Amino acid sequence: MNSIDEELIRPIYKNGRYQNPFDTWEDTPGLRNLFKLMRCEDFSKIPNQRELDKTLPVEIPDFEKLRNPPPSEMQIMWIGHASVLVQMDGVNILTDPIFRDRCSPVQFMGPKRYRPPPCKIEDLPHIDAVIISHNHYDHLDYGSVQSLNSKFKDKVTWFVAVGTKEWMLNAGCQNVIELSWWDEAELPGRPDFKFVSVPCQHRCERILLDTMKALWCSWIVRGPRKSFYFAGDTGYCIGFKQIGRKYGPVDFAAIPIGAYYPRWFMRPMHVNPEEAVKIFEDVRANNALGIHWGTFKMTREFYLEPRTRLEEELDKKSISREKFFTLRHGLVHIVGRDKPEHD
Ligand code: ZN
Ligand code: ZN
Numbered sequence: 050m051n052s053i054d055e056e057l058i059r060p061i062y063k064n065g066r067y068q069n070p071f072d073t074w075e076d077t078p079g080l081r082n083l084f085k086l087m088r089c090e091d092f093s094k095i096p097n098q099r100e101l102d103k104t105l106p107v108e109i110p111d112f113e114k115l116r117n118p119p120p121s122e123m124q125i126m127w128i129g130h131a132s133v134l135v136q137m138d139g140v141n142i143l144t145d146p147i148f149r150d151r152c153s154p155v156q157f158m159g160p161k162r163y164r165p166p167p168c169k170i171e172d173l174p175h176i177d178a179v180i181i182s183h184n185h186y187d188h189l190d191y192g193s194v195q196s197l198n199s200k201f202k203d204k205v206t207w208f209v210a211v212g213t214k215e216w217m218l219n220a221g222c223q224n225v226i227e228l229s230w231w232d233e234a235e236l237p238g239r240p241d242f243k244f245v246s247v248p249c250q251h252r253c254e255r256i257l258l259d260t261m262k263a264l265w266c267s268w269i270v271r272g273p274r275k276s277f278y279f280a281g282d283t284g285y286c287i288g289f290k291q292i293g294r295k296y297g298p299v300d301f302a303a304i305p306i307g308a309y310y311p312r313w314f315m316r317p318m319h320v321n322p323e324e325a326v327k328i329f330e331d332v333r334a335n336n337a338l339g340i341h342w343g344t345f346k347m348t349r350e351f352y353l354e355p356r357t358r359l360e361e362e363l364d365k366k367s368i369s370r371e372k373f374f375t376l377r378h379g380l381v382h383i384v385g386r387d388k389p390e391h392d
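The structure is reproduced here in structure tokens:
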């Protein structure tokens, strides 16, 4: 199909709420399914901190490297879950920042963090842009947004999908750019940087009454030399092939690999590692980092299974483990130059 003539997939908007336009979508979180989910066996088996320090060590970031990123390469750091720092073409970008202990409306209950963030928001280098994939608590955290605002004030631009701008303004964000799928915007002061909201298959809600009132998306970021794709939170859908045809290849992608079990419940919303590899292929990524795992207790697969299954799938498809990799929390990594390795 010719990328110019192709009809781009758009979200459905009806009665003030968004819908997924994909055949692969199914609305699973009904009350009956939630009860069934409660009875589902939990294989996560998250061990004690001493064991975690061995299996998922958290490094103190090399702040010198963060302050002086190489000018012509991409430097990245996995902060944990879907939070990644990407340094490209002189611009520092944060994805779905969450630095708090729980991803929940309250800090005394909800999914708890079992690996700490490698640094505080105060320790980060200057942040020019933050991209938000959607409004779930593990991706959009009020406390983290506020801390970023008090540190970076009007220097930071927030990119969100339609329906979330008002929330961001209420949280004190000064520059908010709200886009629907396939809309593009420049980074203020850097016309050579383009941010594009692109499709993914997910859902949105923060309270019971606002289900699907805001849109979800993934993001393409194009700098003068490098390009980056942030998949956000997603089930597998045909959107990725379109993204690949229109914006691929990309130098680097951050793709979720965790929070997928049980499949009958999670499949429409969260890819498993095999589907994550399909996204990697569809968007034509040269390199990718596995995210959305190893940080919060969200679902019921064994806590290290996302990494193992990713590696097995890569081996099966003869894709190098150096192309689609996982990183230690806090490790500062130059894409395509440093050898990715875990413990
Ligand atoms: Zn989500
Ligand atoms: Zn999530």
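Sequential numbering from 50 applies to the sequence shown in the numbering used here. Note that beta-carbon positions come from the ideal geometry of N, C-alpha and C, so glycine has one too. It should be emphasised that the depicted structure is a prediction, and the values quoted were computed from it without experimental measurement.
First and last residue of the uninterrupted beta strand (DSSP E) at residue i
i	result
Ile420	Because the chain is modelled from 50 through 392, residue 420 falls outside the range shown and cannot be assessed.
Pro305	301 to 305
Glu235	233 to 236
Phe148	Here Phe148 belongs to no beta strand (DSSP E), and DSSP marks it neither H nor E.
Val107	Counting along the chain, Val107 falls outside any beta strand (DSSP E), and DSSP gives it neither H nor E.
Ile180	178 to 180
Val209	206 to 210
Residue i, enclosing alpha helix (DSSP H) - first and last residue
i	result
Asn198	191 to 201
Val384	From DSSP, Val384 is part of no alpha helix (DSSP H); its letter is neither H nor E.
Pro240	Unbroken run through Pro240 is the beta strand (DSSP E), 239 to 247; no alpha helix (DSSP H).
Arg413	Because the chain is modelled from 50 through 392, residue 413 falls outside the range shown and cannot be assessed.
Leu83	80 to 87
Phe289	288 to 296
Cβ distance (whole Å) where residue i is taken to contact residue j below 8 Å
i	j	result
Val320	Thr283	6 Å
Asp331	Lys290	5 Å
Arg333	Val299	7 Å
Phe301	Ala337	7 Å
Tyr310	Thr357	Between Thr357 and Tyr310 the Cβ distance is about 13 Å, and since that is not below 8 Å, they are no contact.
Leu359	Phe373	7 Å
Ile226	Phe208	5 Å
Phe351	Ser182	About 25 Å separates the two Cβ atoms, so there is no contact after all.
Arg81	His378	With a Cβ gap of about 37 Å, Arg81 and His378 do not count as contacting.
Leu236	Ala178	6 Å
Pro167	Pro110	5 Å
Gly281	Pro355	So it is not a contact: roughly 16 Å between Cβ atoms.
Residue i and residue j closer than 8 Å at C-beta
i	j	result
Leu380	Glu113	no
Ile180	Trp265	no
Ile383	Pro119	yes
Val133	Thr144	yes
His175	Asn141	yes
Phe314	Leu86	yes
Lys243	Arg271	yes
Pro322	Gln250	no
Met216	Leu376	In the sequence under discussion, the amino acid at residue 216 is Trp, which differs from the Met named in the question. No, the Cβ-Cβ distance between Trp216 and Leu376 is not below 8 Å.
Pro305	Ile340	yes
Ala210	Ser193	no
Asn184	Thr206	no
Trp231	Leu105	no
Cys152	Tyr186	yes
Lys161	Phe148	no
is_contact[residue i, chain B] using C-beta, thresh 8 Å
i	result
Ile176	In the structure shown, chain B does not exist; there is a single protein chain.
(request) With ligand 2 as the reference, list in chain order each residue whose Cβ lies under 5 Å from any of its heavy atoms. (result) Asp187, Asp282
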